[in-house]
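First comes the structure, then the notes that go with it.
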Amino acid sequence: MNIVVCVKYVPDATADRRFESDNTVDRVGVDGLLSELDEYAVEQALQLKEKRADEEITVTALTIGPEKAVDAVRKALQMGADSAVHVQDDAIAGSDAVATSLVLAKAIEKIGQPDVVMCGMASTDAGMSVVPAMLAERLGLPQVTMAAVVETQGNQVRIKRDGDTATEVVGGTMPLVISVTDQSGEARYPSFKGIMAAKKKPLETYTLADLGVDAGQVGLSVAWSAVEDTAARPPRTAGEIVKDEDGSGATALVEFLASKKFI
Amino acid sequence: MSEVLVLVDHVDGAIRKPTLELLAIAKRLGSPSAVFIGGADKAAAAAETLKGYGADKIYTVDDTEVKGYLVAPKAEVLQQVAAQASPAAILIPSSAEGKEIAGRLAIKLGSGLITDAVDVAEGGVTTQSVFAGNFTVTAKVTQGTPIITVKPNAAAPEEGAGAGAVEAFAATISDAAKGAQIVASQPRQATGRPELTEAAIVVSGGRGTGGDFTAVEALADSLGAAVGASRAAVDSGWKPHTFQVGQTGKVVSPQLYVANGISGAIQHRAGMQTSKTIVAVNKDEEAPMFELVDFGVVGDLHTVLPAATAEIEKRKG
Ligand SMILES: Cc1cc2nc3c(=O)[nH]c(=O)nc-3n(C[C@H](O)[C@H](O)[C@H](O)COP(=O)(O)OP(=O)(O)OC[C@H]3O[C@@H](n4cnc5c(N)ncnc54)[C@H](O)[C@@H]3O)c2cc1C
Ligand SMILES: Nc1ncnc2c1ncn2[C@@H]1O[C@H](COP(=O)(O)O)[C@@H](O)[C@H]1O
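Heads up: the protein sequence lines correspond to chains A and B, in order. Numbering-wise, the working numbering puts 108 at position 108 of the first sequence, and it's gapless, one number per residue. Numbering-wise, the working numbering puts 1208 at position 208 of the second sequence, and it's gapless, one number per residue.
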């Protein structure tokens, strides 16, 4: 069985994230890392493999991103993925989800027929949560998304998720695309052994030419949507803070709410 | 005037409020056409409501054949309606499912997609809030039929009848679109409180509640508010995940957000930072949440909240 897990290299959420002058996300000047939300995808891919120990299962970590993005797949290898692919090409910079899903789909086809494509619930930077659906559309596969629990039996997949209006069990048949949430279970830390082993695992770098993707199909200039402007949110003006003493806090709070007509 | 398609979000025919907001936005862009995919027996009543909020046209698509199948069939329906209507734009509620439908549709139509818009102006210029609400971005789709998913509360629903022409639309759904199916569903228990993402006021509790949400819920009820929770409260099993506010929970933008016993981690802020007025109760005056507030009380929520609730009830008489 082939499992491809898609992981993204993102600017650290606790660092000072910003935009470049061309309104693309600054992915070079800000420290980056494997998106925390994609660690959950790696974890579920590894658990799937471990639960079916009697089968031949390969977990391949796949990322698209700048040179430093190799850190994302490297971490996945350290956690236990078997091999990794990094698609790196200057032409990709500034790509939107439409182009990202195209390159991911081509890379997955090159890696080989997948049984499961595992994704995170959203990128922690752009966070559109659309790449898995677009990827499924491009690969002609069903998708079961936002999984809090993933179970498989043979080629059947069942996931559990918290929908807006109901808790649902969703079923699908492999091959398919799965996305998992941060409710799916803590991701493991790489062990020392894992870190050493990762150094010997295969890690390939593809360019767009390797994937047969024309550079004119990706990148900022052909994005199907364009950012017109970005603006930092004005800092909130400092509010009033009172210390509660013998009930004074509650009275002041209610006064405030009343002054704003919330009561 | 060109049609603007609005995908109707409903539960068994009961139309959810964000759809009515989309109709108001659609009016800015053209002539609103609602696409109702649901039971044939519910279509007439739904069409009446949609007309009442400005739909000039309502495409009703019988879902008997695809009920329980996820996302892909709806994307196919919209693709087929779009082929007939050549709309100026397609608006979809920004729920998890809505965004996935939009994603598939964008690939099918070769159209650009913008998600999570908090506003859409004439000409289709969208406003989004990114990086945990720290930046505002305006953007526009530059290729194909603009597909825009819009967050709840982006506009106020506008009553006022549209032409309301109903067309039963016969869609053909491929077998490939029936690959993922809901096999069991447990409807959420009604809480009697407003929907978290739609509420004008949200009162949330975090680890500081110590697991007892009574005071948080009582304050919420005195204000007619929805109840939210931090991930710490959800991970502790005190509230289901659907209550979670934040990066991996719901993103809310109410008129008033009251954070109780919540420290204000960036992932929590990502879900509430764009609220109009922010109030916090926390016993630690150094809590980062206080950096955001319009009004804050340094104190124990277990004494401050019940006293505030009692005072509010008294004032309401
Ligand atoms: C990938 C990722 C995604 C995440 N997504 C989310 C998300 O969507 N939503 C989210 O909320 N978090 C999320 N988190 C977790 C987030 O980082 C914080 O851990 C979490 O928000 C902390 O919750 P809290 O504020 O309730 O708890 P704490 O940080 O423990 O804060 C508790 C607060 O309560 C106060 N307190 C204690 N007792 C009292 C009392 N009696 N009266 C008044 N105040 C009191 C304390 O002073 C403290 O400030 C995410 C984290 C990661 C890594
Ligand atoms: N550049 C990328 N490289 C690899 N995987 C990606 C990339 N962008 C998005 N993904 C995958 O798609 C998921 C959702 O991303 P998004 O739609 O950007 O929120 C992520 O959690 C990843 O699994």
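Cβ coordinates follow ideal geometry from the N, Cα and C atoms, glycine included.
Under 7 Å: does the beta carbon of residue i sit that close to some heavy atom of ligand 1?
i	result
V1245/B	yes
T318/A	Examination of residue 318/A is not possible in this model, given that chain A is present from 1 through 263 alone.
I1278/B	no
Whole angstroms is fine: what's the gap from residue i's alpha carbon to residue j's?
i	j	result
A61/A	Y1069/B	29 Å
M174/A	G120/A	18 Å
G1261/B	G216/A	51 Å
I92/A	L102/A	11 Å
A1047/B	F1169/B	13 Å
V1183/B	Q143/A	14 Å
R233/A	F1135/B	5 Å
G1274/B	A1307/B	According to the sequence as given, residue 1274/B is Thr; it is not Gly. In a straight line, the C-alpha of T1274/B is about 28 Å away from that of A1307/B.
Q183/A	M1001/B	46 Å
I1148/B	I1090/B	6 Å
A1176/B	S129/A	22 Å
F192/A	R74/A	14 Å
F262/A	N155/A	54 Å
R1207/B	A1085/B	51 Å
V1071/B	Q1181/B	9 Å
I1173/B	V5/A	29 Å
L104/A	A198/A	23 Å
F256/A	A238/A	15 Å
T1019/B	A147/A	26 Å
G1271/B	K1250/B	6 Å
K1283/B	G1299/B	4 Å
Report the CB separation of residue i from residue j in whole angstroms; it is logged as a contact under 8 Å.
i	j	result
E1011/B	T63/A	Reading the sequence as shown, one finds Val at residue 1011/B and not Glu. V1011/B to T63/A, Cβ: 38 Å. No contact.
P1146/B	G1112/B	6 Å
G94/A	L220/A	3 Å
S179/A	D96/A	With 8 Å as the limit, S179/A and D96/A do not qualify as a contact, their Cβ atoms being about 19 Å apart.
S83/A	K201/A	6 Å
L1007/B	G1098/B	7 Å
A133/A	E1159/B	Incorrect: roughly 34 Å between the Cβ atoms, too far for contact.
A1220/B	V1203/B	4 Å
V1077/B	V1035/B	7 Å
A1165/B	D1056/B	7 Å
S980/B	L1005/B	Only positions 1001 to 1317 of chain B appear in the structure, and residue 980/B is not among them; the question remains open.
Classify residue i as helix, strand or coil using the three-state DSSP reduction.
i	result
V1166/B	strand
I1114/B	strand
Q1143/B	coil
D1009/B	coil
Q1181/B	strand
R138/A	helix
F1295/B	strand
T230/A	strand
D275/A	Residue 275/A lies beyond the range of chain A shown here (1 to 263); nothing can be said about it.
Q78/A	helix
Y1059/B	strand
T181/A	coil
M196/A	helix
I1101/B	helix
V103/A	helix
Relative to ligand 2, is the shortest distance from any of its heavy atoms to the C-beta of residue i smaller than 7 Å?
i	result
L139/A	no
L1105/B	no
S83/A	no
S264/A	Residue 264/A is absent from the model: chain A starts at 1 and stops at 263.
T205/A	no
V4/A	no
K75/A	no
D90/A	no
L104/A	yes
V30/A	no
G120/A	yes
D38/A	yes
T100/A	yes
A97/A	yes
P202/A	no
K68/A	no
P132/A	yes
M128/A	yes
S123/A	yes
I1132/B	Just to set this straight, residue 1132/B is Ala in the shown sequence, not Ile. Not under cutoff, so the answer is no.
V25/A	no
Could you work out which residues of chain D lie near residue i, taking near to mean beta carbons separated by less than 8 Å?
i	result
E1311/B	No chain D is present in this structure, whose protein chains are A and B.
Inset, instruction - Any chance you could list the residues with Cβ under 5 Å from a heavy atom of ligand 1, keeping chain order? - result: Result: E36/A, G1206/B, R1207/B, G1208/B, S1230/B, R1231/B, A1232/B, G1246/B, Q1247/B, T1248/B, G1249/B, G1261/B, I1262/B, S1263/B, A1265/B, Q1267/B, H1268/B, N1282/B, K1283/B, D1284/B, A1287/B, D1300/B and L1301/B.
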